[in-house]
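Respectively, the protein sequence lines represent chains A and B.
So the number in the working numbering is just where the residue sits in the first sequence, counting from 1, plus 524.
So the number in the working numbering is just where the residue sits in the second sequence, counting from 1, plus 524.
All C-beta atoms, glycine included, are put in the ideal place defined by N, C-alpha and C.
I have placed the structure first, in the form of structure tokens, so that the comments after it can refer back to it.
Protein chains: 2
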Amino acid sequence: MDVESVRRAILDQVDRLAFKHLKHSLETLVDIPTVSAWGDHRVMLDGASAVASLLKELGFKTEVASNGGYPAVLAEIRGGDKATVLLYNHYDVQPPDPLEQWDSNPFKLVEREGKLYGRGVADNKGNIAARLAALEALIPYIDRLGLNVKYVVEGEEEVGSPTLERLVVDRIEWFKADGGVWETAYVRRDGRLSISLGFKGMVYLEVRIRGALRDVHSGYSPLVPNPAWRMARLLASLKDEGGRVLIPNFYDDVDPEFLDMGEKLLEQVDVGELEALKEELGIAGFVGGVSGREALKALYLNPSLNISGLYSGYTGKGSKTIVPAEAVAKLDIRLVPGQDPKKVLDSTIRYIRTLGFEDAEIHVESMYKAGYTRPHEVIVEASIEAAEQAYGLKPHVTPMAAGSGPIYIFTDIARIPMTGAGVGYYGSRVHAPNENIRVEDFVKGVKHVALTLIEFSRRMGERRA
Amino acid sequence: MDVESVRRAILDQVDRLAFKHLKHSLETLVDIPTVSAWGDHRVMLDGASAVASLLKELGFKTEVASNGGYPAVLAEIRGGDKATVLLYNHYDVQPPDPLEQWDSNPFKLVEREGKLYGRGVADNKGNIAARLAALEALIPYIDRLGLNVKYVVEGEEEVGSPTLERLVVDRIEWFKADGGVWETAYVRRDGRLSISLGFKGMVYLEVRIRGALRDVHSGYSPLVPNPAWRMARLLASLKDEGGRVLIPNFYDDVDPEFLDMGEKLLEQVDVGELEALKEELGIAGFVGGVSGREALKALYLNPSLNISGLYSGYTGKGSKTIVPAEAVAKLDIRLVPGQDPKKVLDSTIRYIRTLGFEDAEIHVESMYKAGYTRPHEVIVEASIEAAEQAYGLKPHVTPMAAGSGPIYIFTDIARIPMTGAGVGYYGSRVHAPNENIRVEDFVKGVKHVALTLIEFSRRMGERRA
Numbered sequence: 525m526d527v528e529s530v531r532r533a534i535l536d537q538v539d540r541l542a543f544k545h546l547k548h549s550l551e552t553l554v555d556i557p558t559v560s561a562w563g564d565h566r567v568m569l570d571g572a573s574a575v576a577s578l579l580k581e582l583g584f585k586t587e588v589a590s591n592g593g594y595p596a597v598l599a600e601i602r603g604g605d606k607a608t609v610l611l612y613n614h615y616d617v618q619p620p621d622p623l624e625q626w627d628s629n630p631f632k633l634v635e636r637e638g639k640l641y642g643r644g645v646a647d648n649k650g651n652i653a654a655r656l657a658a659l660e661a662l663i664p665y666i667d668r669l670g671l672n673v674k675y676v677v678e679g680e681e682e683v684g685s686p687t688l689e690r691l692v693v694d695r696i697e698w699f700k701a702d703g704g705v706w707e708t709a710y711v712r713r714d715g716r717l718s719i720s721l722g723f724k725g726m727v728y729l730e731v732r733i734r735g736a737l738r739d740v741h742s743g744y745s746p747l748v749p750n751p752a753w754r755m756a757r758l759l760a761s762l763k764d765e766g767g768r769v770l771i772p773n774f775y776d777d778v779d780p781e782f783l784d785m786g787e788k789l790l791e792q793v794d795v796g797e798l799e800a801l802k803e804e805l806g807i808a809g810f811v812g813g814v815s816g817r818e819a820l821k822a823l824y825l826n827p828s829l830n831i832s833g834l835y836s837g838y839t840g841k842g843s844k845t846i847v848p849a850e851a852v853a854k855l856d857i858r859l860v861p862g863q864d865p866k867k868v869l870d871s872t873i874r875y876i877r878t879l880g881f882e883d884a885e886i887h888v889e890s891m892y893k894a895g896y897t898r899p900h901e902v903i904v905e906a907s908i909e910a911a912e913q914a915y916g917l918k919p920h921v922t923p924m925a926a927g928s929g930p931i932y933i934f935t936d937i938a939r940i941p942m943t944g945a946g947v948g949y950y951g952s953r954v955h956a957p958n959e960n961i962r963v964e965d966f967v968k969g970v971k972h973v974a975l976t977l978i979e980f981s982r983r984m985g986e987r988r989a
Numbered sequence: 525m526d527v528e529s530v531r532r533a534i535l536d537q538v539d540r541l542a543f544k545h546l547k548h549s550l551e552t553l554v555d556i557p558t559v560s561a562w563g564d565h566r567v568m569l570d571g572a573s574a575v576a577s578l579l580k581e582l583g584f585k586t587e588v589a590s591n592g593g594y595p596a597v598l599a600e601i602r603g604g605d606k607a608t609v610l611l612y613n614h615y616d617v618q619p620p621d622p623l624e625q626w627d628s629n630p631f632k633l634v635e636r637e638g639k640l641y642g643r644g645v646a647d648n649k650g651n652i653a654a655r656l657a658a659l660e661a662l663i664p665y666i667d668r669l670g671l672n673v674k675y676v677v678e679g680e681e682e683v684g685s686p687t688l689e690r691l692v693v694d695r696i697e698w699f700k701a702d703g704g705v706w707e708t709a710y711v712r713r714d715g716r717l718s719i720s721l722g723f724k725g726m727v728y729l730e731v732r733i734r735g736a737l738r739d740v741h742s743g744y745s746p747l748v749p750n751p752a753w754r755m756a757r758l759l760a761s762l763k764d765e766g767g768r769v770l771i772p773n774f775y776d777d778v779d780p781e782f783l784d785m786g787e788k789l790l791e792q793v794d795v796g797e798l799e800a801l802k803e804e805l806g807i808a809g810f811v812g813g814v815s816g817r818e819a820l821k822a823l824y825l826n827p828s829l830n831i832s833g834l835y836s837g838y839t840g841k842g843s844k845t846i847v848p849a850e851a852v853a854k855l856d857i858r859l860v861p862g863q864d865p866k867k868v869l870d871s872t873i874r875y876i877r878t879l880g881f882e883d884a885e886i887h888v889e890s891m892y893k894a895g896y897t898r899p900h901e902v903i904v905e906a907s908i909e910a911a912e913q914a915y916g917l918k919p920h921v922t923p924m925a926a927g928s929g930p931i932y933i934f935t936d937i938a939r940i941p942m943t944g945a946g947v948g949y950y951g952s953r954v955h956a957p958n959e960n961i962r963v964e965d966f967v968k969g970v971k972h973v974a975l976t977l978i979e980f981s982r983r984m985g986e987r988r989a
């Protein structure tokens with residue numbers, strides 16, 4: 525049975541298995557509210573156990589591993605000596621807030637007009653379910669392909685993967701692989717799969733300014749310092765109106781090799797998607813008035829600083845008159861290759877102190893650097909070829925995602941070239957209310973994973989032969 | 525029976541009736557969560573009905589009146605032709621948020637170590653209960669005093685009394701009186717009662733800035749405008765670090781006659797209270813570094829602008845990475861005599877537009893002007909005399925409270941000179957969690973109200989004689 529016959533035998537099963545896992549796996553996973561930001565260990569263990577069970581059903585040898593954080597599932601199935609691939613996903617999800625903006629329960633998988641709704645269907649539980657379907661089709665032929673599959677599913681991605689690096693370092697032999705598939709990829713408006721070859725780093729900070737020991741009747745506002753005013757002044761000093769970050773040396777260490785590679789890859793990226801994004805979001809223009817290629821560079825190659833959350837005092841209905849006791853801002857800084865998270869954190873803190881906020885309490889929620897893969901790697905070429913077959917169109921390959929993820933743990937520490945695969949689309953509302961995927965993308969996504977692994981085995985086999 | 529005998533007969537009953545109404549009236553009132561900001565008409569009607577029943581039990585003729593807003597209770601009892609006094613209170617309360625900072629249910633009256641806890645015990649249900657106790661002692665002698673008592677208890681004070689002016693204008697004959705007692709007064713650290721002869725006006729605004737139609741994954745923050753940054757910039761432009769409001773012409777119209785009168789009264793006010801306030805609130809210094817007499821002027825004679833609430837994006841635990849769809853600030857502007865609310869509102873809106881926030885949505889929650897009474901009025905002198913007797917110390921009289929209230933409706937529209945009375949103290953945590961009063965202050969407060977009305981009748985009788 526040659527690779528072509530194996531390929532056909534596998535593809536024959538893909539549709540059926542896609543629908544099986546939409547029910548069997550995705551429903552099970554969405555049901556469990558694995559919000560890592562909420563910090564419920566019991567729920568997170570339920571999530572990990574559910575993933576482990578689903579993998580066990582397929583024949584994987586599984587282990588639920590933890591070194592202090594929420595557990596990660598390590599699973600392995602061996603099929604020979606041609607190639608070892610590492611799949612990475614996460615079973616944790618973002619909080620569902622604001623809850624009132626959901627049209628259905630975020631923790632129940634609901635189908636409406638060809639779309640599936642629920643927290644995590646795009647990020648990242650749908651991608652787990654799609655890979656399970658692809659693997660179920662593939663596993664009967666795994667020996668013929670000569671493929672070993674390693675699968676790690678962690679539970680802390682949405683809070684910055686604080687213990688994943690430790691796990692990979694401790695088990696560095698287990699994490700050896702010839703190529704890897706990162707947690708995500710998504711379908712663009714033009715129907716092409718968008719694969720990101722890197723992910724930004726992250727420094728997530730909670731900044732707290734305190735005033736009086738308690739809220740005070742705002743009649744006293746002429747005298748009692750208001751932390752909300754001070755927070756407004758602090759935030760207004762961090763970035764200019766054009767979006768440029770004002771923290772000294774913020775842009776200094778960006779890796780020029782990455783910028784070169786990135787700018788070249790971006791030449792092949794079309795900018796139409798950005799115009800459609802404006803319309804979908806109902807915004808008149810982008811920050812700083814950028815457009816076209818400049819906007820692409822800002823999105824994919826620049827570090828950024830953002831306010832994800834801000835609160836102080838009374839946030840309920842109607843009016844209440846107080847000088848609030850505290851003001852809190854949640855800030856996310858996204859890093860590109862070359863930037864050191866610790867150094868960026870230090871200069872951010874130093875700058876905030878220089879501005880006169882010696883008393884601001886700065887708590888680091890997560891911190892990790894960016895990582896990326898160069899486009900000529902076997903796993904990347906295999907996934908590009910597979911995407912063209914599964915989606916009928918050449919994929920769209922960007923040097924870096926707009927988003928962050930601790931991919932450096934694989935690319936830089938375990939030294940595994942990484943590509944992407946996923947079932948979300950441009951309208952998936954990742955991290956937002958009414959997160960959803962399209963059923964058709966799920967089926968294509970299953971096909972893409974199966975074909976990527978087949979193509980990867982074939983190419984690695986040819987290399988070794 | 526001369527006034528002195530009446531006085532002694534009334535005072536004999538005061539302690540007993542104070543304790544009776546602590547249970548009978550205050551418990552009943554605190555039980556009903558009459559939060560006017562929440563907008564529950566049924567609950568507010570329950571509150572008004574409870575007040576009306578309590579007054580009816582004392583022999584008042586009562587009416588529950590409404591012209592579109594939450595109902596007000598109008599009650600009257602007639603005792604002759606020497607003097608008519610108008611009592612004003614409100615049965616509505618501030619929201620109890622943040623709930624988790626209360627040590628007991630805010631809507632259950634709880635006694636702990638000589639203090640009574642519950643939302644509204646100081647502002648303003650405790651004052652209603654104290655007046656009911658004083659009135660129960662007084663009513664048997666009302667004919668001998670020649671006193672008519674009118675009592676209005678509204679349900680919209682905490683949301684800016686939007687329909688009270690209309691009620692007073694429509695019923696201007698009913699609202700005729702020789703003097704009035706405003707809703708509040710409080711006991712200072714030095715044991716003296718603090719009476720305010722005026723209350724600031726209010727312009728309460730909710731400012732909303734919108735960005736994208738929905739929250740967006742913050743990977744897009746280099747492109748998608750973030751309303752939280754814009755709000756920070758807007759707020760930072762409204763006030764300088766020294767606390768000076770930057771809205772053009774903000775300070776222009778302050779009444780010089782009021783300032784003269786105010787500065788003279790403040791000369792008799794001691795500044796020790798302010799130092800104690802700093803310590804109690806755990807703050808190193810006041811806004812702009814003011815202290816002593818300058819701080820008193822800032823507190824009592826200056827208009828102010830404050831952020832009472834601020835929110836945008838994710839305000840839950842841990843991290844979520846989004847570009848928020850909107851940012852909201854709740855601003856309270858407190859006006860002093862001479863300032864026109866409409867004019868201040870207009871220049872505030874114009875200034876916000878000039879700053880480049882043409883799209884900021886500005887919603888007016890409430891708007892009214894300041895009002896005050898000159899210190900030589902009979903009702904003021906009566907209440908000062910009564911306070912010296914009830915508290916054993918000369919009261920502390922300020923030209924204006926730090927807080928706001930629609931007293932202008934009485935002082936300027938109904939033309940009634942107004943004094944103050946109340947049972948709260950410096951540690952009452954008005955508008956904040958664990959609002960409380962001291963039992964001893966309640967008893968003294970009952971005495972003060974009774975003596976004020978006796979002394980007022982006596983002085984008015986002498987005048988007419």
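Alpha carbon of residue i to alpha carbon of residue j, nearest angstrom
| i | j | result |
| --- | --- | --- |
| Thr586 of chain B | Glu964 of chain B | 30 Å |
| Pro848 of chain B | Ile886 of chain B | 19 Å |
| Val740 of chain A | Ser828 of chain B | 15 Å |
| Arg532 of chain A | Arg690 of chain A | 40 Å |
| Val693 of chain A | Pro899 of chain A | 25 Å |
| Glu959 of chain A | Ser590 of chain B | 46 Å |
| Leu758 of chain B | Asp883 of chain A | 23 Å |
| Val567 of chain A | Met942 of chain A | 30 Å |
Contact with chain B by residue i, beta-carbon distance below 7 Å
| i | result |
| --- | --- |
| Val683 of chain A | yes |
| Ala736 of chain A | yes |
| Ser952 of chain A | no |
Same chain only: Cβ atoms within 7 Å of residue i, ignoring 5 sequence neighbours per side
| i | result |
| --- | --- |
| Gly592 of chain A | Thr687 |
Cβ of residue i within 7 Å of any chain A Cβ
| i | result |
| --- | --- |
| Asn1027 of chain B | A query on residue 1027 of chain B cannot be resolved here, the shown segment of chain B reaching from 525 to 989 and no further. |
| Asp616 of chain B | no |
| Asp621 of chain B | yes |
Best match in the options for proximity to residue i [C-alpha to C-alpha]
| i | options | result |
| --- | --- | --- |
| Val748 of chain A | B:Gly809, B:Ile601, B:Leu729, B:Ala800 | B:Gly809 |
| Asp605 of chain B | B:Ser928, B:Asp570, B:Lys700, B:Ala646 | B:Lys700 |
| Leu721 of chain B | B:Thr935, B:Gly951, B:Lys544, B:Ala956 | B:Thr935 |
| Asn651 of chain B | B:Pro622, B:Gly796, B:Ala760, B:Gly948 | B:Gly948 |
| Glu797 of chain A | A:Ser815, A:Ile873, A:Pro780, A:Gly571 | A:Ser815 |
| Arg877 of chain A | A:Thr976, A:Pro772, A:Phe966 | A:Pro772 |
| His972 of chain A | A:Ile961, A:Gly944, A:Arg962 | A:Gly944 |
| Asp723 of chain A | A:Lys632, A:Leu825, A:Asn830 | Checking the sequence shown, residue 723 of chain A turns out to be Phe, not Asp. Considering only alpha carbons, the answer is A:Leu825. |
| Ile719 of chain A | A:Pro620, A:Glu682, A:Thr922 | A:Thr922 |
| Pro865 of chain A | A:Glu803, A:Val904, A:Tyr775 | A:Tyr775 |
Sequence-distant residues of the same chain with beta carbon closer than 6 Å to residue i, five excluded per side
| i | result |
| --- | --- |
| Ser549 of chain A | Leu578, Ala653, Leu656 |
| Tyr675 of chain A | Ala599, Leu611 |
| Val677 of chain B | Val575, Val597, Asn613, Tyr615 |
Cβ-based neighbour list, residue i, same chain, cut-off 8 Å, excluding 5 preceding and 5 following
| i | result |
| --- | --- |
| Ala561 of chain B | Gln618, Pro619, Glu682, Val683 |
Contact list for the region 741-764 of chain A against chain B, Cβ threshold 7 Å: His741, Ser742, Gly743, Tyr744, Ser745, Pro746, Leu747, Val748, Pro749, Asn750, Ala752, Trp753, Ala756, Arg757, Leu759, Ala760, Lys763
Short-range partners of chain B found in the region 779-807 of chain A, where Cβ spacing is below 9 Å: Leu798, Leu801, Lys802, Glu804, Leu805, Gly806, Ile807
Members of the region 839-860 of chain A that neighbour chain B once the beta carbon cut-off is set at 9 Å: Thr839, Gly840, Lys841, Gly842, Ser843, Lys844, Thr845, Ile846, Val847, Pro848, Ala849, Ala851, Val852, Ala853, Lys854, Asp856, Arg858
Interface residues of the region 921-943 of chain B facing chain A [CB-CB below 9 Å]: Ala925, Ala926, Gly927, Ser928
Contact set between the region 879-894 of chain A and chain B, restricted to residues whose Cβ is under 7 Å from the partner: Glu889, Ser890
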